Ligand SMILES: Cc1ncc(COP(=O)(O)O)c(C=O)c1O
C-alpha cells in the first residue's frame, strides 16, 4: 500500500479553497480558445473533426514526432506518451526496479520519486545542499552505489528549490551511471521554464543511452489539464516494456488532449517565452517582499522552474506560519513538512513559493498585511 501523497493531499484540502494560491509549480495556464487561436485553420479543423475513439498506446504518431524534434537526433520511436508525468514515473519505477534492486533519489523530492521505489525495493536518498545552491554532490552519489543499483532519479530544475545542476556535475553523474550501467530517470518537467536568463541542462535522453527524459505539458507549458506527458529514451526495449505496463494504467491518452498538446508544442517557443516572462515579472515582486521582511525570511532566487524554497526564521516555525496564513488570510504556501523524506533529514524551516502565476499582487498584499498584523 502506498502512503498518502502529502503534497496532493494538502492540495486536495486547500488548492481550490484558498483565496490566493501562492505556491503553484505550474505556469499560468491559457484557455482552450487561446490555444486554438495559435493554430492554423487546418490544425483547428483536425481538432474539431477528430473521432473520439481509443488512440495508440505509444501516443499519436505526429505528437511523438513533434516531441522527438524537440530533442537532438531522436526519432518518434524513442518517445512513449503517458497520462501526465505521474504515470511515466509510475511506469518507469515499476519496469526498471524489482524487489532485489536498489535505487537512488535526491532529497527533498516530488514524493512519488521516493515512495514508488521504496514500495518495490531499497532506496537511498542523497540530500541537495542548501549551502551549495542546492547542488548534488556526485561523490556522495558514487558512494551510495551498490552492485544492485538500477536507477537514479533526479529533477533539475528542481521542485521545490528551482535549482539547476551545473553542467560539469551533470556530465560527471552521467559518466558515473554509464560506468555502472544505471538508468537515470531525469524529471525534466521544468526544463525551459524559469527566469529568461536560466541555463537549462540538455535532455538526458540525448546524452545517455540509459537516460529517461520525463516531460509533460503541465508545468513549463502551463497546460496540466491536458494530462499529456512522455518519456524519451534510446532504449527501445525498455520503452516497449513501459508501453506494455501502460496497458494496465491509462491504456492510451485522451485523443483531444493529444491534438491540443501537438498544437502547443508546435508553438512551444511562444508559450515558453510567455511563461518565462511571467517569472521575470514576478521575481522583483518577491525581492521587494523579502527585502521588507528580512527579519522573518531568508530569500534566494531560483535558477529555474517557477518555484523557490525560502527559509522562514520566525520562532513559531514554518508549519504554524503556513497554517495561520491560509486559515486567517487565505494565502496558500507549502511548508517543508510536505517535503520530508523517509530517506534522511530534509530542511524543516522552508516553504515553497510559486513564481509562475499572474496577478500575484493581491496575494502579496494579503501576506504583507498578515505579517504586519501578527508579527
Ligand atoms: C517534479 C514533479 N514531477 C512530476 C509531477 C507530476 O506531474 P503531472 O501533474 O503532470 O503528472 C509534478 C507535479 O507537481 C512535479 O512537480
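Numbering (the working numbering), first residue to last: 122 to 496.
Where is the CB? At the ideal position from N, CA and C, for every residue including glycine.
In this text, all values refer to a predicted model and were calculated from it rather than measured experimentally.
Check, Outcome
"Which term fits residue 194, buried or exposed, when burial requires 16 or more other beta carbons within 10 angstroms of its beta carbon?", "exposed"
"Taking 8 Å as the line, does the beta carbon of residue 471 fall inside it for any heavy atom of ligand 1?", "no"
"Would you mind sorting residue 363 into buried or exposed? The rule is 16 or more other CB atoms within 10 Å of its CB.", "buried"
"Have a look at the DSSP bridge pairing and note the partners of residue 336.", "351"
"Given that a residue counts as buried once 16 or more other Cβ atoms are within 10 Å of its Cβ, and exposed if not, what is residue 495?", "exposed"
"Relative to ligand 1, is the shortest distance from any of its heavy atoms to the C-beta of residue 439 smaller than 8 Å?", "no"
"State the Cα-Cα distance for the pair residue 493 and residue 327, rounded to the nearest angstrom.", "50 Å"
"To which residues of the same chain is residue 313 closer than 7 Å at the C-beta, ignoring the five residues directly before and after it?", "321, 341 and 393"
"Between which two residues does the alpha helix (DSSP H) containing residue 377 stretch?", "376-387"
"If I measure Cβ to Cβ from residue 111 and keep anything under 8 Å in the same chain, skipping five residues before and after, which residues do I get?", "There is simply no residue 111 to check, as the chain begins at 122 and stops at 496 in what is shown."
"Check residue 316 in the structure and name its three-state DSSP category.", "coil"
"Is the beta carbon of residue 276 within less than 8 Å of some heavy atom of ligand 1?", "yes"
"Between residue 446 and residue 473, which are expected to be in contact by the criterion C-beta below 8 Å, what is the C-beta distance as a whole number of angstroms?", "Actually they are not in contact, since the Cβ atoms of residue 446 and residue 473 sit about 13 Å apart, beyond 8 Å."
"Taking 8 Å as the threshold, find out whether the region 274-293 comes into contact with the region 218-238 through three or more Cβ pairs.", "yes"
"Less than 9 Å separating the beta-carbons of residue 344 and residue 381?", "yes"
"Under 8 Å: does the beta carbon of residue 147 sit that close to some heavy atom of ligand 1?", "yes"
"Applying the 10 Å Cβ sphere with the 16-neighbour rule, what's the burial state of residue 152?", "exposed"
"If I measure Cβ to Cβ from residue 165 and keep anything under 6 Å in the same chain, skipping five residues before and after, which residues do I get?", "157"
"With H, G and I counted as helix, E and B as strand and the rest as coil, what does DSSP make of residue 212?", "helix"
"In the DSSP assignment, find the unbroken alpha helix (DSSP H) run with residue 224 in it and report its ends.", "That residue, residue 224, is in no alpha helix (DSSP H); its beta strand (DSSP E) goes 223-228."
"What's the C-alpha gap between residue 128 and residue 212?", "20 Å"
"For ligand 2, is there any heavy atom lying closer than 8 Å to the beta carbon of residue 210?", "This structure does not include ligand 2; its bound ligands are ligand 1."
"Quick one: what's residue 192 bridged to in DSSP?", "None, per the DSSP bridge assignment."
"So does residue 206 have its beta carbon nearer than 8 Å to some heavy atom of ligand 1?", "yes"
"Could you give the distance in angstroms between the alpha-carbon of residue 173 and the alpha-carbon of residue 339?", "22 Å"
"If you drop the 5 nearest sequence neighbours on each side, which residues of the same chain put their C-beta closer than 7 Å to that of residue 484?", "141, 143 and 452"
"Using only the alpha-carbon positions, how far apart do residue 219 and residue 244 sit?", "12 Å"
"Could you give the DSSP three-state label for residue 428: helix, strand or coil?", "strand"
"Who are the near neighbours of residue 468 in its chain, counting only those whose CB is closer than 7 Å to its CB and skipping five residues on each side?", "251 and 457"
"Three or more C-beta pairs closer than 8 Å, one from the region 346-358 and one from the region 431-447: is that the case here?", "no"
"For a test of the three-state rule: what should DSSP assign to residue 467, helix, strand or coil?", "coil"
"I want to check one thing, is the minimum distance from the CB of residue 378 to the heavy atoms of ligand 1 below 8 Å?", "no"
"Between 348, 471 and 170, which lies nearest to residue 432 when the distance is taken from Cα to Cα?", "471"
"Using only CA atoms, which one of 268, 178, 263 and 462 lies nearest to residue 369?", "178"
"Is it the case that the region 259-269 contacts the region 405-417, given that we only count it when at least three CB pairs across the two stretches are under 8 Å?", "no"
"For residue 222, I'd like the list of residues in its chain whose CB is within less than 6 Å of its CB, leaving aside the five on either flank, ordered along the chain.", "242, 269 and 271"
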